[in-house]
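Visitor: First the structure, which I've put down as structure tokens, then a few questions once you've had a look.
2 protein chains.
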Amino acid sequence: MTTKAERTTAYIIETVAPIFNKLGYIGTSMSDLTEATGLTKGALYGNFENKEALALSAFEYNSKRLLKVIDDQLDTAGTSMDKLLALTKFYRNYDVFTLEMGGCPILNVGVDAQNNNRLLAAAAKETLKNIEGKIALVLENGVKSNELNLPVTPLQFAKQFYTMLQGAIAVATITKDRKYLVNTVAYLEVLMKRELKK
Amino acid sequence: MTTKAERTTAYIIETVAPIFNKLGYIGTSMSDLTEATGLTKGALYGNFENKEALALSAFEYNSKRLLKVIDDQLDTAGTSMDKLLALTKFYRNYDVFTLEMGGCPILNVGVDAQNNNRLLAAAAKETLKNIEGKIALVLENGVKSNELNLPVTPLQFAKQFYTMLQGAIAVATITKDRKYLVNTVAYLEVLMKRELKK
DNA sequence: AAGAATATATACCATGCAGTATATAGATTT
DNA sequence: AAATCTATATACTGCATGGTATATATTCTT
Chain A
0 MTTKAERTTA YIIETVAPIF NKLGYIGTSM SDLTEATGLT KGALYGNFEN KEALALSAFE
60 YNSKRLLKVI DDQLDTAGTS MDKLLALTKF YRNYDVFTLE MGGCPILNVG VDAQNNNRLL
120 AAAAKETLKN IEGKIALVLE NGVKSNELNL PVTPLQFAKQ FYTMLQGAIA VATITKDRKY
180 LVNTVAYLEV LMKRELKK
Chain B
0 MTTKAERTTA YIIETVAPIF NKLGYIGTSM SDLTEATGLT KGALYGNFEN KEALALSAFE
60 YNSKRLLKVI DDQLDTAGTS MDKLLALTKF YRNYDVFTLE MGGCPILNVG VDAQNNNRLL
120 AAAAKETLKN IEGKIALVLE NGVKSNELNL PVTPLQFAKQ FYTMLQGAIA VATITKDRKY
180 LVNTVAYLEV LMKRELKK
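Line by line, the protein sequences are chains A and B.
Using numbering that gives the first Met the number 0, you'd call the opening residue of the first sequence number 0 and step up by one each time.
Using numbering that gives the first Met the number 0, you'd call the opening residue of the second sequence number 0 and step up by one each time.
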């Protein structure tokens, strides 16, 4: 069973995560967080050492949520191609999924923290590489099971694959136009069928 | 001839532009700027109404520099394909070019200002669409002159093209790994030759 | 070169910031 | 239910923030 204190900590993270993601590390003030949580500074500082620890926990929370959903897609039953298509389908509505998180955490934190907070920047980088690795694994299995035929190494293909997705996310975010997601995913699907077929 | 005052204004913008780009709108303090310029608040506020106006001028400065270099590439003598290849060649070293600007202004400002400053966010979006338009124009001319054969409209191709480039920029920035730029450009060049050939 | 106009420096607001010490309220254990 | 322990609220630092009023340099015009 979870104690009251644990639940409060969890509640703070959940509440605070989208705010940090939206406003950025420096752009978020402790009073933004007391206001959003309905708690006081005493409560926040009782649960977290400082603002940085809070921001890190917030990012980890968003990151885990994202990784979980990606895992879910890549765990889809069927061929490696089926798994990848489940993933692209997810990314087609990535903006909807990340809406309540306050946008793409990798993009937001990765860019925002780049020159402001080393730990956060490193965490974003780590999450990104994590996702690349997951995609590469599916590709690798596809090759091993004689299903797929890659023009490059699995990791290299995964990196190019993810670069395109992240490009769509970035441009869709900047222009506030989700068509970039839809079009990029459509393009990726054509590309996959053309390049990965044995 | 330029008056002293005009030169001071220009000097402030030049000096301040990379700082805003690196640290973000909120992350940049007026004292960061007085320190960097060697001027006092009186001088800064004498030349610009407020922090926002200064940040906007700074972004416009970076934006114009970027658009100018892109124009230079797309003005390369030769076929439309030559022009596009000049552009991709430029983007291969985009990180070097944007180093002294403090990173990609479109990505940094577009993401940073997204939830913090409407004017800056709108300016970043505008610059992005501007670049897409420039690329589309070259493609359009290539089609008109019977050189290229597009699978989609010029603007649509340009959007997909730029999305990939911006993806490489984003991921290279987040991971601090320029290989994404190199690889994406290499991939784009193969793609162009395959998809655009008449 | 003198005078007018303009640009920059100085000194100062009020406000918001992250963080803390301590008091109070609440939960957990016996 | 009482006692202990823990978590939250309150009130308060010291400092940095954006911005301004005014005095002092400096530039431009004649």
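In this text, a Cβ means the ideal position worked out from N, Cα and C, and glycines have one as well.
Report the option in A:Ile134, A:Phe160, A:Ala54 and A:Ser28 whose CA atom is closest to the CA atom of valine 68 of chain A.
Guide: Locating residue 68 of chain A in the first sequence gives position 69, where the first residue counts as 1. Nearest option by C-alpha distance: A:Ile134.
Visitor: Step through the CB atoms of chain B and report whether any lies within less than 7 Å of the CB of methionine 100 of chain A.
Guide: Indexing the first sequence from 1 puts residue 100 of chain A at position 101. Closer than 7 Å: no.
Visitor: Using a Cβ cut-off of 7 Å (strictly closer), state whether alanine 185 of chain B contacts chain A.
Guide: Translated into positions along the second sequence, residue 185 of chain B becomes position 186. Chain A contact via Cβ: absent.
Visitor: When you compare only the Cα positions, how much space is there between asparagine 116 of chain A and leucine 149 of chain B?
Guide: Position 117 of the first sequence, counted from the first residue, corresponds to residue 116 of chain A. Position 150 of the second sequence, counted from the first residue, corresponds to residue 149 of chain B. Approximately 44 Å, taken between the alpha carbons.
Visitor: Out of B:Leu190, B:Glu125, B:Glu194 and B:Leu66, state which residue places its alpha-carbon closest to the alpha-carbon of threonine 97 of chain B.
Guide: As a first step, residue 97 of chain B is located in the second sequence; it is residue number 98 there, counting from the start. Measuring C-alpha to C-alpha distances from threonine 97 of chain B to each of B:Leu190, B:Glu125, B:Glu194 and B:Leu66 identifies B:Leu66 as the nearest.
Visitor: For leucine 84 of chain A, which three-state DSSP category applies?
Guide: Here residue 84 of chain A corresponds to residue number 85 of the first sequence, with the count starting at 1. Here leucine 84 of chain A sits in helix by DSSP.
Visitor: Out of curiosity, what's the CA-to-CA distance linking glutamate 188 of chain A and threonine 152 of chain A?
Guide: Sequence index remark: in the first sequence, residue 188 of chain A carries index 189 (1-based). Sequence index remark: in the first sequence, residue 152 of chain A carries index 153 (1-based). The alpha-carbon atoms of glutamate 188 of chain A and threonine 152 of chain A are separated by roughly 19 Å.
Visitor: Between alanine 57 of chain B and chain A, is any beta-carbon pair separated by less than 7 Å?
Guide: Locating residue 57 of chain B in the second sequence gives position 58, where the first residue counts as 1. Output row for alanine 57 of chain B: interface = no.
Visitor: Quick one: grab the DSSP three-state call for leucine 195 of chain A.
Guide: On the first sequence, position 196 is the one that residue 195 of chain A refers to. Of the three classes helix, strand and coil, the one that applies to leucine 195 of chain A here is coil, per DSSP.
Visitor: What three-state label does DSSP hand leucine 147 of chain B in the structure shown?
Guide: Looking up residue 147 of chain B in the second sequence gives position 148. Here leucine 147 of chain B sits in strand by DSSP.
Visitor: Just list the alpha helix (DSSP H) runs in the region 29-103 of chain A, keeping only unbroken ones of 4 residues or longer that don't cross its boundaries, in chain order.
Guide: 29-36, 40-46, 50-73, 79-91 and 93-98
Visitor: Are three or more beta carbon pairs between the region 53-60 of chain B and the region 104-123 of chain B nearer than 8 Å?
Guide: yes
Visitor: Within 10 angstroms of the Cβ of glutamate 131 of chain B, are there 16 or more other Cβ atoms? Answer buried if so, exposed if not.
Guide: Working through the second sequence from its first residue, we reach residue 131 of chain B at position 132. So glutamate 131 of chain B ends up on the buried side.
Visitor: Does the beta-carbon of aspartate 111 of chain B have 16 or more other beta-carbons within 10 angstroms, so that it is buried, or is it exposed?
Guide: Position 112 of the second sequence, counting from 1, holds the residue named residue 111 of chain B. When all chains shown are included, aspartate 111 of chain B counts as buried.
Visitor: By the DSSP assignment, the alpha helix (DSSP H) with glutamine 165 of chain B in it spans what residues?
Guide: Here the question's residue 165 of chain B lines up with position 166 in the second sequence. 153-174 is the extent of the alpha helix (DSSP H) around glutamine 165 of chain B.
Visitor: Given lysine 88 of chain B, which residues of its chain have a CB within under 8 Å of its CB, disregarding the five upstream and five downstream residues?
Guide: Translated into positions along the second sequence, residue 88 of chain B becomes position 89. Its chain contains Gln72 and Val184 as the residues whose beta carbon lies nearer than 8 Å to that of lysine 88 of chain B, once the 5 sequence neighbours on both sides are disregarded; these appear in chain order.
Visitor: For methionine 29 of chain B, which residues from the same chain have a beta carbon less than 7 Å from its beta carbon, with the 5 sequence-adjacent residues on both sides left out?
Guide: On the second sequence, residue 29 of chain B is found 30 positions in, with the first residue counted as 1. The residues are Lys40, Leu43 and Lys50.
Visitor: Beta-carbon separation of threonine 36 of chain A and isoleucine 11 of chain A under 7 Å?
Guide: The residue you call residue 36 of chain A lines up with position 37 of the first sequence. The residue you call residue 11 of chain A lines up with position 12 of the first sequence. Yes.
Visitor: Taking 7 Å as the threshold (C-beta atoms), are asparagine 182 of chain A and asparagine 107 of chain A in contact?
Guide: Start at 1 with the first residue of the first sequence, and residue 107 of chain A comes out as number 108. Start at 1 with the first residue of the first sequence, and residue 182 of chain A comes out as number 183. It is not a contact, given that the beta carbons lie outside the stated cut-off.
Visitor: What residue range is occupied by the uninterrupted alpha helix (DSSP H) comprising threonine 7 of chain B?
Guide: Here residue 7 of chain B is taken as the residue at index 8 of the second sequence, counted from 1. Annotation: the continuous alpha helix (DSSP H) that includes threonine 7 of chain B extends over 3-22.
Visitor: Would alanine 9 of chain B and asparagine 61 of chain B qualify as a contact pair, given that the criterion is a beta-carbon distance under 7 Å?
Guide: In the second sequence, residue 9 of chain B corresponds to position 10, counting from 1. In the second sequence, residue 61 of chain B corresponds to position 62, counting from 1. Contact: no.
Visitor: Which chain A residues are close to alanine 9 of chain B, counting only those with a beta carbon under 8 Å from its beta carbon?
Guide: To locate residue 9 of chain B, count along the second sequence from 1; it is residue 10. By Cβ distance, chain A contributes nothing, its closest Cβ being about 24 Å from alanine 9 of chain B, past 8 Å.
Visitor: Determine the contact status of lysine 124 of chain B and isoleucine 173 of chain A, defining contact as a CB-CB distance below 7 Å.
Guide: Here the question's residue 124 of chain B lines up with position 125 in the second sequence. Here the question's residue 173 of chain A lines up with position 174 in the first sequence. Yes, they are a contact pair.
Visitor: With burial defined as no fewer than 16 other Cβ atoms inside 10 Å of the residue's Cβ, what is the status of glycine 77 of chain B: buried or exposed?
Guide: Residue 77 of chain B sits at position 78 when you count from the first residue of the second sequence. With fewer than 16 Cβ atoms within 10 Å of its Cβ, glycine 77 of chain B is classed as exposed.
Visitor: Give me the residue from A:Thr7, A:Thr126 and A:Asp31 with the minimum Cα distance to glycine 45 of chain A.
Guide: Counted from its first residue, the first sequence places residue 45 of chain A at position 46. That would be A:Thr7, whose Cα lies nearest to the Cα of glycine 45 of chain A.
Visitor: Are valine 170 of chain A and glutamine 155 of chain B close, meaning C-beta to C-beta below 7 Å?
Guide: If you number the first sequence from 1, residue 170 of chain A lands on position 171. If you number the second sequence from 1, residue 155 of chain B lands on position 156. With respect to glutamine 155 of chain B, valine 170 of chain A sits apart: the two C-beta atoms are not nearer than 7 Å.
Visitor: If we cut at 7 Å on Cβ distances, does tyrosine 179 of chain B have a partner in chain A?
Guide: The residue you call residue 179 of chain B lines up with position 180 of the second sequence. Yes, because at least one Cβ of chain A sits closer than 7 Å to the Cβ of tyrosine 179 of chain B.
Visitor: Roughly how many angstroms lie between the CA atoms of aspartate 74 of chain A and aspartate 81 of chain A, to the nearest whole one?
Guide: Here residue 74 of chain A refers to the residue found at position 75 when the first sequence is read from its first residue. Here residue 81 of chain A refers to the residue found at position 82 when the first sequence is read from its first residue. In a straight line, the C-alpha of aspartate 74 of chain A is about 10 Å away from that of aspartate 81 of chain A.
Visitor: Do isoleucine 18 of chain A and isoleucine 25 of chain B have their beta-carbon atoms positioned less than 7 Å apart in this structure?
Guide: In the second sequence, counting from the first residue as 1, residue 25 of chain B sits at position 26. In the first sequence, counting from the first residue as 1, residue 18 of chain A sits at position 19. No, they are not a contact pair.
Visitor: For the region 41-52 of chain B, list every residue whose C-beta sits within 7 Å of some C-beta in chain A, in sequence order.
Guide: Close to chain A, meaning a Cβ-Cβ distance shorter than 7 Å, is no residue of the region 41-52 of chain B at all.
Visitor: Taking the alpha-carbon positions, what's the alanine 4 of chain B to isoleucine 105 of chain B distance?
Guide: Taking the second sequence and counting its residues from 1, one reaches residue 4 of chain B at position 5. Taking the second sequence and counting its residues from 1, one reaches residue 105 of chain B at position 106. Taking the straight line joining both Cα atoms gives about 29 Å.
Visitor: Just the C-alpha distance for threonine 33 of chain B and threonine 14 of chain B, rounded to the nearest angstrom, thanks.
Guide: Against the second sequence, residue 33 of chain B aligns to sequence position 34. Against the second sequence, residue 14 of chain B aligns to sequence position 15. Taking the straight line joining both Cα atoms gives about 10 Å.
Visitor: For serine 144 of chain B, is the classification buried or exposed, using 16 other Cβ atoms within 10 angstroms of its Cβ as the cut-off for buried?
Guide: Sequence index remark: in the second sequence, residue 144 of chain B carries index 145 (1-based). Exposed is the call here.
Visitor: Leucine 195 of chain A: which of A:Thr126, A:Ala157 and A:Thr2 sits nearest, CA to CA?
Guide: Numbered from 1 along the first sequence, position 196 holds the residue referred to as residue 195 of chain A. Nearest option by C-alpha distance: A:Ala157.
Visitor: For glycine 101 of chain B and leucine 22 of chain B, what's the separation of their Cα atoms in angstroms?
Guide: For this step, residue 101 of chain B is matched to residue 102 along the second sequence. For this step, residue 22 of chain B is matched to residue 23 along the second sequence. Straight-line Cα distance between these residues: approximately 9 Å.
Visitor: Counting only beta-carbon separations shorter than 7 Å, does methionine 29 of chain B have a partner in chain A?
Guide: As a first step, residue 29 of chain B must be located in the second sequence, where it is residue number 30. No, its Cβ sits nowhere closer than 7 Å to a Cβ of chain A.
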